[in-house]
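A.B. asks: This structure is in structure tokens; I'll ask about it shortly.
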Amino acid sequence: MRYKFSNARKWLQKHGRTKELRRIGSREKHAASYLNHTISSQIQKDIQKLIDQGYEVSVVIGNLKNIRSSFKGSRALKRRLHSWPFFQFQSFIKYKAEESGAEVKTINEKGTSATCYKCGSKGERPTQGLFICRCGKYNADLNAAINIAHRCSGEGISGKSEYSGVVSDRLSWLDQPDAHHFSGE
Numbered sequence: 006m007r008y009k010f011s012n013a014r015k016w017l018q019k020h021g022r023t024k025e026l027r028r029i030g031s032r033e034k035h036a037a038s039y040l041n042h043t044i045s046s047q048i049q050k051d052i053q054k055l056i057d058q059g060y061e062v063s064v065v066i067g068n069l070k071n072i073r074s075s076f077k078g079s080r081a082l083k084r085r086l087h088s089w090p091f092f093q094f095q096s097f098i099k100y101k102a103e104e105s106g107a108e109v110k111t112i113n114e115k116g117t118s119a120t121c122y123k124c125g126s127k128g129e130r131p132t133q134g135l136f137i138c139r140c141g142k143y144n145a146d147l148n149a150a151i152n153i154a155h156r157c158s159g160e161g162i163s164g165k166s167e168y169s170g171v172v173s174d175r176l177s178w179l180d181q182p183d184a185h186h187f188s189g190e
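The opening residue of the sequence shown carries number 6 in the numbering used here; numbering runs sequentially from there.
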């Protein structure tokens, strides 16, 4: 969507069509807002289902303060990602989650994808989906999600702290053989 608008904007700027440029900017803003609203509404429905089933739900949102400076990639990719309204999306999720009765927490997720949830050591990410450390191979997203859960519960990364093992108890299924190992064969 943003790519289409970006190309149209380039053409209009090149040909000096300012009136049409303003109109396309407005359409682009509304389209992004609609998409953010649609996605956050689906998240709200999922939250509501969990609450209706009797679960206590907490939504964790990463701190997006410096998100634009952390992008890596080509100029074209950066241009597309820089133009996305991240704060609006975060705000939509926050108010809809709270409206549903979920607790909302904002955390700094820095280091969660580079640290092993089990042993706490720094690992490698040879591919986007694979995390390798001295104690094994894991799905990178699952590893980061567990670290975020530990951080939210006050346990810190790798679950080492003086706090109760609330998250560790809920993740006991991960200690079963091969329940959490990467299966990329």
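Here a beta-carbon is modelled for each residue, glycine too, at the ideal position from N, C-alpha and C.
1. Between glutamate 61 and glutamine 53, what straight-line distance do the alpha-carbon atoms span, to the nearest angstrom?
2. Do asparagine 41 and phenylalanine 94 have their CB atoms nearer than 7 Å?
3. Taking lysine 77 as part of the beta strand (DSSP E), name the residues at either end of that continuous run.
4. Is the beta carbon of isoleucine 112 closer than 7 Å to that of valine 65?
5. Using alpha carbons as the reference points, say which of Tyr39, Ile48, Gly21, Ile137 lies closest to tyrosine 100.
6. Looking only at its own chain, which residues have a Cβ that is under 7 Å from the Cβ of isoleucine 153, when we skip the five neighbours before and after it?
7. At which residues does the beta strand (DSSP E) containing arginine 130 begin and terminate?
8. With a CB to CB cut of under 7 Å and the five nearest residues on each side skipped, what residues in its chain are close to lysine 127?
9. Provide the residue(s) that pair with isoleucine 66 in DSSP beta bridges, ordered along the chain.
10. In this structure, how does DSSP classify cysteine 138 when only helix, strand and coil are distinguished?
11. Should asparagine 148 go down as buried or exposed, given a rule of 16 or more other Cβ atoms within 10 Å for buried?
12. Beta carbon of isoleucine 151, beta carbon of tyrosine 122: below 7 Å?
13. By a C-beta neighbour count over all protein chains shown, 10 Å radius and 16 as the cutoff for buried, is serine 74 buried or exposed?
14. Only counting the same chain, and skipping five residues up and downstream in sequence, which positions put a Cβ closer than 7 Å to that of arginine 139?
15. Could you give the distance in angstroms between the alpha-carbon of glycine 106 and the alpha-carbon of leucine 69?
C.D. replies: In short, the structure shows the following:
1. When rounded, the distance between both Cα atoms is 10 Å.
2. Cβ atoms of asparagine 41 and phenylalanine 94: closer than 7 Å.
3. Careful: lysine 77 lies outside any beta strand (DSSP E) and carries neither H nor E.
4. The criterion of a C-beta distance shorter than 7 Å is satisfied by valine 65 and isoleucine 112.
5. Distances from the CA of tyrosine 100 to each of Tyr39, Ile48, Gly21, Ile137 were compared; the closest alpha carbon is that of Ile48.
6. Result list for isoleucine 153: Val65, Ile112, Glu114, Thr117, in chain order.
7. Counting along the chain, the beta strand (DSSP E) containing arginine 130 begins and ends at 129-132.
8. So the list reads Ala119, Thr120, once near-sequence residues are dropped.
9. Its beta-bridge partners are Thr111.
10. Reduced to three states, the DSSP call for cysteine 138 is strand.
11. With 16 or more neighbouring CB atoms inside 10 Å of its own CB, asparagine 148 falls in the buried class.
12. The answer is yes: Cβ separation under 7 Å.
13. Within a 10 Å sphere around the beta-carbon of serine 74 sit fewer than 16 other beta-carbons, which makes this residue exposed.
14. Cβ within range, chain order: Cys124, Ser126.
15. The straight-line gap from Cα to Cα measures roughly 23 Å.
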